[in-house]
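Q:
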Amino acid sequence: MGFIIFLLVLAALYLLEVYVLTDTKYFWVGGILPLLIDILTIFLMVASKSYSFHDFAMVFLVFFGTLCIWGYGDDRHKKKSGIKKDK
Numbered sequence: 010m011g012f013i014i015f016l017l018v019l020a021a022l023y024l025l026e027v028y029v030l031t032d033t034k035y036f037w038v039g040g041i042l043p044l045l046i047d048i049l050t051i052f053l054m055v056a057s058k059s060y061s062f063h064d065f066a067m068v069f070l071v072f073f074g075t076l077c078i079w080g081y082g083d084d085r086h087k088k089k090s091g092i093k094k095d096k
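Heads up, the final residue of the sequence shown is numbered 96 in this note's numbering, and it's a clean run with no missing numbers.
(1) Work out the CA separation of C77 and V18 for me, nearest whole Å.
(2) On the premise that V27 lies in contact with G82, defined as a C-beta separation below 8 angstroms, what is that separation, rounded to the nearest angstrom?
(3) Using only the alpha-carbon positions, how far apart do L45 and K88 sit?
(4) How would you call T75, buried or exposed, if buried means at least 16 neighbouring beta carbons within 10 angstroms?
(5) If you measure between the beta carbons of G39 and T31, is that distance less than 8 angstroms?
(6) Per DSSP, what kind of secondary structure is T31 in: helix, strand or coil?
(7) Put G11 into one of helix, strand or coil per three-state DSSP.
(8) On the CB-based measure, 16 or more other CB atoms within 10 Å of its CB, does L49 come out buried or exposed?
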C-alpha cells in the first residue's frame, strides 16, 4: 500500500510540475516543491530511525524521481519561454 501511495504522490507531483509550475515566469518556483519533498523524505527517514535496504531504495527513488520531474519541467519552461539550451 505504501508503494501505491508513493506512485500517486509522484504522479501528482509530475502533473503539478509540468502543467502548473512551468507556466510561471520564475524558473526557480518549479524547484521548490521537489526540494521540499527531498528534505521531508530525509527527515522522515532520520526521525523513524529506519535504515533498511528497502528504505534506502525508496529514498533513492524519491530523489531520482523528483530530479527527473524537475528537469523535465525546467526543459518545458525553457521551451515555452524560447530560452536557448545551455552550452
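Beta carbons: idealized from backbone N, C-alpha and C, even for Gly.
A: If we stick to the structure as given:
(1) Here the question's residue 18 lines up with position 9 in the sequence shown. Here the question's residue 77 lines up with position 68 in the sequence shown. Roughly 14 angstroms separates the two Cα atoms.
(2) Here residue 82 refers to the residue found at position 73 when the sequence shown is read from its first residue. Here residue 27 refers to the residue found at position 18 when the sequence shown is read from its first residue. The Cβ separation is near 6 angstroms, so the contact holds.
(3) Counted from its first residue, the sequence shown places residue 45 at position 36. Counted from its first residue, the sequence shown places residue 88 at position 79. Looking at the two C-alpha atoms, the distance is approximately 25 angstroms.
(4) Sequence index remark: in the sequence shown, residue 75 carries index 66 (1-based). Buried is the call here.
(5) On the sequence shown, residue 39 is found 30 positions in, with the first residue counted as 1. On the sequence shown, residue 31 is found 22 positions in, with the first residue counted as 1. Their beta carbons are under 8 angstroms apart, which means G39 touches T31 by this criterion.
(6) Here residue 31 refers to the residue found at position 22 of the sequence shown. Three-state result, T31: helix.
(7) On the sequence shown, position 2 is the one that residue 11 refers to. If DSSP states are grouped into helix, strand and coil, G11 belongs with the helices.
(8) Against the sequence shown, residue 49 aligns to sequence position 40. So L49 counts as exposed.
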